[in-house]
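In full-length UniProt numbering, the protein residues as written are 1 to 291. See structure below.
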Amino acid sequence: MVTTHTEAEIASQPSCWRRAVANIPADALPRRGERVAVVGCGTSWFIAMAYAVLRERAGHGETDAFAASEFPHGRGYDRVLALSRSGTTTEVLDLLERTSGASVAITADPRTPIMTAAGDVVVLDYADEKSVVQTRFATTQLAMLRASLGEDLTQAIADAEEAVAAPLPDTLVQAKQFSFLGTGWSVGLAQEAALKMREASRSWTEAYPAMEYRHGPISIAAPGRVTWMLGAAPEGLRVQVEETGGAFFETTLDPMAELIRAQRVAVARAFAQGLNPDEPMHLTRSVILSS
């Protein structure tokens, strides 16, 4: 049986997380008490959103997350943390060139311009990917960042192993539409899960903070559609969704491990439609804009 790059990269996430939490570059990452801006594009922006919430929640200091193109130049930060798998994304490089303060980047490729654009660089080359669709690099850098805040990821890694191996429910593979929900740091992961489903399988997906779902978006819940919670759902939400005839899906897995399940569903749905998840339509590994 031929395995795509995307499948292999998804399956490798537990081992990548173990390596990441065992090798935290403490001197390069934001220091406790610093005011930090975390930036990225696409997947990297969603990972930035998750880390920003976790860092503030851990008491390490005020942390904001921005799409690189929307960074508020002129606002003061002690450090800018830029996330870029490719190290070539135009908006990220442009931002780093305009940053006068301390900066650090996390990337997968040490042969790219980001190596000189940022003041410090953390290279996770073992988590690099051949697929255009980003999976293991995104979660590996978040695993490292979570561990740098003092989190013990032992259970998260065990959950990831379960998510990699468990059978996928037919309800998810055959669904007509998905609404991904999160709370706190998992709001960013909900956005990322929705993006993976769009990229790999061209599925109709949306994502919201869980408490916002009842403020309008629940109107699209219906038979054949899935509301998928990453983390613990607000009280009563499952009942309200199921009253529409829609399916409500949640587990007790760490939200980052639950993202793995969403990645796998995206691949399964791609195969069902005759699509190659390694080569999503209209996308390339990095967005490089002409000047």
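Here a beta-carbon is modelled for each residue, glycine too, at the ideal position from N, C-alpha and C.
- Sorting Val36, Ile10, Ile24 by C-alpha distance to the C-alpha of Leu153 places Ile24 at the top.
- The criterion of a C-beta distance shorter than 7 Å is satisfied by Val38 and Ala65.
- DSSP places Thr116 inside the alpha helix (DSSP H), whose first and last residues are 114-117.
- Per DSSP, the beta bridge partners of Gln177 are Arg225.
- By the Cβ rule, the segment 161-172 does not count as touching the segment 185-195, because fewer than three pairs are nearer than 8 Å.
- Closest option to Val265, judged by alpha-carbon separation, among Ala20, Trp45, Val226, Glu97: Val226.
- About 5 Å separates the beta carbons of Phe180 and Trp228, which is inside the 8 Å limit, making them a contact pair.
- Spanning the alpha carbons of Arg32 and Asp278 requires a straight line of approximately 39 Å.
- When the beta-carbon positions are compared, Ala22 and Val104 stay at least 7 Å from each other.
- Assigned with DSSP and collapsed to three states, Arg146 falls in helix.
- Under the 10 Å beta carbon count, Ser203 is surrounded by 16 or more other beta carbons and is classified as buried.
- Residue state for Val267 is assigned as helix, using DSSP reduced to three classes.
- In terms of Cβ geometry, Val267 and Glu7 form a close pair [threshold 7 Å].
- Beyond the five residues adjoining it in sequence on each side, Thr4 comes within less than 8 Å, by CB distance, of Ser131, Val267, Asn276, Pro277, Asp278 in the same chain, given in chain order.
- Note that the C-beta distance between Ala193 and Trp17 is not below 7 Å.
- When the beta-carbon positions are compared, Thr171 and Gly231 stay at least 7 Å from each other.
- Comparing alpha carbon positions, the residue from Asp78, Leu124, Arg55 closest to Ala147 is Arg55.
- The UniProt domain "SIS" (26-163) is shown to contain whole beta strand (DSSP E) runs of 3 or more residues at 36-40, 63-67, 79-83, 102-107, 120-123, in chain order.
- Note on geometry: alpha-carbon atoms of Thr89 and Ala68 lie some 10 Å from one another.
- Contact annotation: Leu149 and Ala58 have beta-carbon atoms nearer than 7 Å.
- In the structure shown, Pro209 falls within a strand segment according to DSSP collapsed to helix, strand and coil.
- Boundaries of the alpha helix (DSSP H) around Ala22: 13-22.
- Rounded to whole angstroms, the gap between the alpha carbons of Arg98 and Met115 is 15 Å.
- Within the DSSP secondary-structure output, Gly182 pairs in a beta bridge with Pro209, Leu230.
- Look at Ala247 here: in three-state DSSP terms it is strand.
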